[in-house]
Amino acid sequence: MQNTCLTAEELLCRKPLLTSDYIPRREVTLEADLFPGTFIIIPSTYNPNQEARFICRVFSTVKMKQLELDEENLYEGFPKKELTSLELNFKQLCNPITETINSRILGTILDQYNFRDYMIGFTEFPSNLCSSLISSASVSFIKKIS
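Residue numbers (the UniProt record's numbering): 1 to 146.
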């Protein structure tokens with residue numbers, strides 16, 4: 001199972017696992033039992049191994065609480081004690097001038113917490129996951145977040 005995002009170059013070099021006559025209105029689906037917080041994304045594009053837009057829909061047989069995520073409910077449900085502890089660690093480890101951290105520091109902060117209580121089989125946050133988290137949250141493309 002792939003745990004990292006592929007670059008465009010890597011995507012072009014991969015052999016497709018399955019191909020078929022493509023009908024633009026076709027859906028690709030998978031039914032699987034996953035641990036909470038684990039997701040599988042199956043992009044379906046017109047040409048195999050080519051970047052394109054796609055729709056990702058998630059269905060669940062278990063009732064899910066769905067909220068719009070905005071500034072008012074950003075930390076709703078997150079334990080206040082852990083949030084305060086994360087914020088203190090961030091302040092201690094971030095660059096004091098820019099108040100930003102890189103992926104290595106993010107990994108250090110996240111690895112201080114026992115996520116095994118929440119995720120079955122969790123060992124640590126790999127550096128490539130931390131880099132992906134930083135890239136997805138960085139608005140200035142400097143590979144740091146504030």
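Even for Gly, the Cβ is constructed at its ideal location relative to N, Cα and C.
8 Å contact criterion, which residue i and residue j should meet: CB distance rounded
i: I109; j: N89; result: 5 Å
Of the residues the options, the one placed nearest residue i, counting alpha carbons only
i: A52; options: A8, K91, S103, I101; result: A8
i: G107; options: T98, I97, E99, L86; result: L86
i: V62; options: K15, D33, L83; result: D33
i: F35; options: C13, I105, S60; result: S60
Beta-carbon proximity list for residue i, same chain, < 8 Å, skipping 5 on both sides
i: I105; result: L93, C94
Other residues of its chain near residue i: CB distance less than 6 Å, five sequence neighbours each side excluded
i: residue 212; result: Here the chain comprises residues numbered 1 to 146, so residue 212 is not present and cannot be evaluated.
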